[in-house]
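Data block below; observations after.
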Amino acid sequence: MIEWKRFNCSSMINTADIPVVQLDDLRDDITNKVRLEDKRVLAFFGVKRDEETILYIILGDDTISRLFIASAIFTKDTTSYRSFTPEVPSLHLFEREFYEETGILPTGHPWLKPVRYGKNHKARTGEIEDYPFYSMDGEEIHEVAVGPVHAGVIEPGHFRFMCHGENVYHLEIQLGYQHRGIEKILIDKTNSASGKNIFFPQIAEKISGDSAVAHASVYAGLMEILTGTIIPQKAMVIRTICLELERAAVHIGDLSAIFNDVGFLMGSSTFAALRTVIINTTLLICGSRYGMGLIRAGGVNFDINHELAAKILSNVNYVQNRIEKLIPLTMLDQPSVLTRLEGTGTIDSHTARLIGMVGPAARASGVPIDIRTDYPSGMYRQYPARKVVLEKGDVFSRSYIRYIEMMHSFNYVKEQLGIIPGLQGARASSEIINRFPTDALSLSMTEGWRGEIIHIAITDKNGKLIRYKIKDPSFNNWSGLALAVRNNGVSDFPLCNKSFNLSYCGHDL
Amino acid sequence: MLNLIRTRIIQGRQYISDIRKAEVKSPFRGYPFIKNNCSGCGQCVEACPSGAMKISPAAIDLGKCTFCGECERRCPDNGIEFSVLHKLSADSRDKLKITKDFEFHEFQDKAIISTKEIKRLFGRSLKLRSVSAGGCNGCEMELNACSNVNFDMGRFGIEIVASPKHADGIIITGPITENMAKALYDSYLCTTPDRILILMGSCAISGGIFDGGPELNRDFLKKFKPDLYIPGCPVHPLTFINGVIDFLGRK
Chain V
0 MIEWKRFNCS SMINTADIPV VQLDDLRDDI TNKVRLEDKR VLAFFGVKRD EETILYIILG
60 DDTISRLFIA SAIFTKDTTS YRSFTPEVPS LHLFEREFYE ETGILPTGHP WLKPVRYGKN
120 HKARTGEIED YPFYSMDGEE IHEVAVGPVH AGVIEPGHFR FMCHGENVYH LEIQLGYQHR
180 GIEKILIDKT NSASGKNIFF PQIAEKISGD SAVAHASVYA GLMEILTGTI IPQKAMVIRT
240 ICLELERAAV HIGDLSAIFN DVGFLMGSST FAALRTVIIN TTLLICGSRY GMGLIRAGGV
300 NFDINHELAA KILSNVNYVQ NRIEKLIPLT MLDQPSVLTR LEGTGTIDSH TARLIGMVGP
360 AARASGVPID IRTDYPSGMY RQYPARKVVL EKGDVFSRSY IRYIEMMHSF NYVKEQLGII
420 PGLQGARASS EIINRFPTDA LSLSMTEGWR GEIIHIAITD KNGKLIRYKI KDPSFNNWSG
480 LALAVRNNGV SDFPLCNKSF NLSYCGHDL
Chain C
0 MLNLIRTRII QGRQYISDIR KAEVKSPFRG YPFIKNNCSG CGQCVEACPS GAMKISPAAI
60 DLGKCTFCGE CERRCPDNGI EFSVLHKLSA DSRDKLKITK DFEFHEFQDK AIISTKEIKR
120 LFGRSLKLRS VSAGGCNGCE MELNACSNVN FDMGRFGIEI VASPKHADGI IITGPITENM
180 AKALYDSYLC TTPDRILILM GSCAISGGIF DGGPELNRDF LKKFKPDLYI PGCPVHPLTF
240 INGVIDFLGR K
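So the protein sequences, as listed, match chains V and C. Residue numbers 0 to 508, in numbering that gives the first Met the number 0, belong to the letters of the first sequence in order. Residue numbers 0 to 250, in numbering that gives the first Met the number 0, belong to the letters of the second sequence in order.
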């Protein structure tokens, strides 16, 4: 047993208070905690300090809303350690990332393949064209290669299907094409503005453009924790409204895309038109259909007055009414749609938990995790969000959960709009200065539409950022998609893919 | 069947009838006006995440701008003001640099000079392929929106096709990452020899907020000259469609 440092989400701790433990003890303890006590790994990353590399591991206990952190030190001569993945499979990608960034080899890792092919990474394992794909042999076995440039207008990534006839035995997903080095850019820009009232939520918005509000609010939240700022309640309300509108808009858009992929164009076009209404509502608030430019460290850039609140309310009501009418007509009453969705791409709850899935995809498989209710912060503390959990884990569940969640989001937006008049005259932003405490570690997270978004910042002895770690939910869920496709037809892949709708750049950073 | 007819009735008419005259509502940030009262304090330059601002004399580079509006909020002299005017495309990089002497109609008159050759070749039908090379999915989603029931770009004969081999040109979104550099090159050379090249969004035009980033490789643009620059972050569908229509020389 080791002593973990216990802390809350949205709080700051001194790096000196983080226990340093032996790696073997850490492995045993994590294995026990993940297997027996229902704790989850939230973060696992390395930080280079002087000659040493420090490994930080953060676990979360969803039932008591607490985080646990411990660290281990690798001296400069250490070149390898025994991998955690055989015991804790959900760490597989975290360990691959750690290896790539630090060059310290996890021996015994069963699937040690390149993650991002970063130019500046310590372990650059070959060229992106020569990815070591898993391959199968046998009569009538063939491979289908897709990407990096896809038929649709989407981001780049390569999919390699190992098929037996039409049946997919295995799908391997190769990412890294989108790697932009955004963590480093955030650190450099934020440090360069030190001492001024300047921050860069604009960069956080581009971690994944479809989750701009979520990523920017987590970045701003982290800067606020580090500077000890409490933002006005009105700012919190406006951020929450836009976050829920973002969730609803993407969920509607994904239903549209799923209908498109089963060849039901009427459903596709009706939902696409409703999504337009929601994102245009976000434009009325902040001037961008995706909420870009809304959030600043210390609050928001745009206020919502009575007139605007009434307009948002009427748009939300309009869309909500239509969806209530349309879902039975298009989805639930069309046998040809249902047969394609039901029983396709199933992930059972044991697998989802084992590989550490998060977000609506995990909830559709019966894993009840939702940051809004498990680690509530901001408005979610006073006005609890509703957690939706389904059991089957197939494409239908992942689609149907979108419908239920968007309905809850609409109701939540309406509730939040209701409290705005009571906040009359409140400022929407407070001034904060880019000056951080020394040797601090802090963590901020929220539930984006895709799942939990976690940002972690660590400062050095001069109060400069030395590490900014971003974990997008896609990082957890890509392996879920790979497993969902197994034993399905190749033609069901687009459906499985859209029901997850994962971010390439959120993974590649 | 009856339910489908019901759905069709609920759907009604969704398309924007006149794309050329359609306006975007406030507080959308489009064409920026620079007024004649820059005191040269430099606050906008410091706060700009992508280095789009210059002072004394004040100038803004639409090819770098992320349209976050931070310069407008910070300027103590109210020297810069974003308008809702959304037709921002231009056919050369230099035309995107806006100074105080510029009026919008001047910008618009000069921004895109369409050639007879382009009109003859592509005026009635233009098939494009999108290559995302580090794009955050913002421009990609907006490009998809261009083809949806509301904007319906297909009515002008402009379409996004599934393969570069079927395309007359390439649309690049994103700052062009090292890892996508080769795939972009290959896709581009797959298109027809009379290919056109469109850069969509600040990232593609200049690198945007990723400019000078450690993982980019923008050598592609040293080899090939873009035909159309469409600024925005992300690009609004109306900006994109109108930019392409102007480029094709259509009314």
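Think of the CB as a built atom: it goes at the ideal place given N, C-alpha and C, for glycine as much as any other residue.
- Message: Give me the subset of the region 296–326 of chain V whose CB atoms are less than 9 angstroms from a CB atom of chain C, sorted by chain position.
- Response: So the close ones are 300, 301, 321, 324, 325.
- Report, in whole angstroms, the separation of the C-beta atoms of residue 217/V and residue 445/V, which I expect to be a contact under 8 angstroms. 5 angstroms
- Message: Check whether the region 75–90 of chain V and the region 141–161 of chain V touch, using three or more Cβ-Cβ pairs below 8 angstroms as the test.
- Response: no
- Could you tell me whether the Cβ of residue 133/C comes closer than 8 angstroms to any Cβ of chain V? yes
- Item | Positions along the region 196–213 of chain C whose CB lies within less than 7 angstroms of some CB in chain V | 208, 209, 212, 213
- Give the C-beta separation of residue 125/V and residue 113/V to the nearest angstrom, bearing in mind that I take them to be a contact with Cβ-Cβ under 8 angstroms. 7 angstroms
- For residue 234/V, which of helix, strand or coil comes out of DSSP? helix
- Query: Going by other Cβ atoms of all chains shown within 10 Å of its Cβ, with 16 needed for buried, is residue 79/C buried or exposed?
  - Reply: buried
- Message: Do residue 204/C and residue 228/C count as a contact pair if the criterion is CB distance below 8 angstroms?
- Response: yes
- Message: Let me check understanding here. Comparing Cα to Cα, which of 280/V, 504/V, 2/V, 371/V lies closest to residue 27/V?
- Response: 2/V
- Query: Between which two residues does the beta strand (DSSP E) harbouring residue 60/C extend?
  - Reply: 58–60
- Task: For residue 492/V, collect the residues of the same chain with a Cβ closer than 8 angstroms to its Cβ; drop the 5 residues on either side in sequence, then sort them by chain order.
- Result: 158, 160, 167, 170, 484
- Would you say residue 186/V touches the ligand MG, meaning its beta carbon is less than 7 angstroms from a heavy atom? As presented, the structure is devoid of all ligands, the ligand MG included, so that no description of it is given.
- Residues of its chain near residue 344/V, where Cβ-Cβ distance is below 7 angstroms and the 5 sequence neighbours each way are ignored: Answer for residue 344/V: 393, 394, 483, 484, 487, 491, 494, 495, 498, listed in chain order.
- Item | DSSP bridge partner residues for residue 157/V (one or two, in chain order) | 173/V
- Spatial neighbours of residue 98/V in its chain, beta-carbon cut-off 8 angstroms, leaving aside the 5 residues before and after: Contacts found: 104, 105, 108, 111, 122.
- Message: Taking its Cβ as the centre, do 16 or more other Cβ atoms sit within 10 Å of residue 62/V, making it buried, or is it exposed?
- Response: exposed
- Message: Going by DSSP, what residue range makes up the alpha helix (DSSP H) through residue 396/V?
- Response: 394–418
- Query: For the putative contact between residue 195/V and residue 22/C, defined by C-beta atoms under 8 angstroms, what is the C-beta separation to the nearest angstrom?
  - Reply: Incorrect: roughly 36 angstroms between the Cβ atoms, too far for contact.
- How big is the Cα-Cα spacing for residue 156/C and residue 222/C? Between the C-alpha atoms of residue 156/C and residue 222/C there is a straight-line separation of about 29 angstroms.
- Message: Only counting the same chain, and skipping five residues up and downstream in sequence, which positions put a Cβ closer than 6 angstroms to that of residue 267/V?
- Response: Within the same chain, residue 267/V has close Cβ partners 255, 258, 259.
- Take residue 286/V and list the residues in its own chain whose beta-carbon comes closer than 7 angstroms to its own, dropping the five residues that flank it on each side. Result list for residue 286/V: 292, in chain order.
- Query: At a cut of 8 angstroms, does the region 232–249 of chain V reach the region 296–311 of chain V through at least three beta carbon pairs?
  - Reply: yes
- Message: So if I threshold CB-CB distances at 9 angstroms, which residues from the region 339–354 of chain V count as touching chain C?
- Response: Residues of the region 339–354 of chain V that bring their beta carbon within less than 9 angstroms of a beta carbon in chain C are absent altogether.
- Which class does residue 318/V belong to by DSSP, given the choice of helix, strand or coil? helix
- Message: Once the 5 residues before and after residue 65/V are set aside, which same chain residues still bring their CB inside 8 angstroms of it?
- Response: Same-chain partners within the cutoff: 5, 6, 7, 59.
- How big is the Cα-Cα spacing for residue 134/C and residue 192/C? 26 angstroms
- Item | Proximal residues to residue 188/V (C-beta, below 8 angstroms), its chain only, five neighbours per side dropped | 199, 202
- In the DSSP assignment, what are the bridge partners of residue 111/V? In the DSSP output, where bridge partners are listed per residue, residue 111/V has none listed.
- For residue 436/V, does the count of other Cβ atoms within 10 angstroms reach 16, so buried, or fall short, so exposed? exposed
- Between the Cα of residue 235/V and the Cα atoms of 387/V, 342/V, 380/V, which residue gives the shortest distance? 380/V
- Item | the region 56–73 of chain C touching the region 91–103 of chain C, judged by at least three CB pairs closer than 8 angstroms | Touching, yes, given that three or more Cβ pairs across the two stretches are closer than 8 angstroms.
- Assigned secondary structure, residue 450/V (DSSP; H/G/I helix, E/B strand, else coil): strand
- Is residue 42/C closer than 8 angstroms to residue 293/C when the C-beta atoms are compared? There is no way to answer for residue 293/C, as the model of chain C reaches only from 0 to 250.
- Item | Three-state class that DSSP yields for residue 130/C in the structure shown | strand
- Message: Using 8 angstroms for Cβ pairs, my map puts residue 263/V next to residue 333/V. What's the rounded Cβ distance?
- Response: Going by Cβ atoms, the distance from residue 263/V to residue 333/V rounds to 7 angstroms, so yes, they are a contact pair.
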